[in-house]
Amino acid sequence: MKLDLQNEFIPTLELAEMVNVRRETIVHLENGRYNPSLKLVMDIAKIFKVKVEDLFEFTDK
């Protein structure tokens with residue numbers, strides 16, 4: 001699962017602070033190196049006012 005924020009305009013550090021995680025966690029999500037909790041996924045989707053599936057690119061890894 002890879003977080004796709006290409007069209008979003010919240011800086012990584014600001015997003016991390018908004019969902020109470022480290023900036024590195026957001027970077028790992030963007031690079032597909034971290035599988036987030038359901039709560040984190042839902043919190044990010046809520047911030048961007050989108051569905052979870054609109055934020056993530058799902059892969060078979």
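In the UniProt record's numbering, the protein residues as written are 1 to 61.
Where a beta carbon is used, it is the ideal one built from N, C-alpha and C, also for glycine.
Computed from a prediction, not measured in an experiment: that's the story for all the values here.
Around the beta carbon of Pro36, 16 or more other beta carbons lie within 10 angstroms, which makes this residue buried.
DSSP lists Phe56 as the bridge partner or partners of Leu3. With 16 or more other Cβ atoms inside 10 Å of its own Cβ, Val21 counts as buried.
Straight across, the Cα-Cα distance linking Glu17 with Val52 is about 19 Å.
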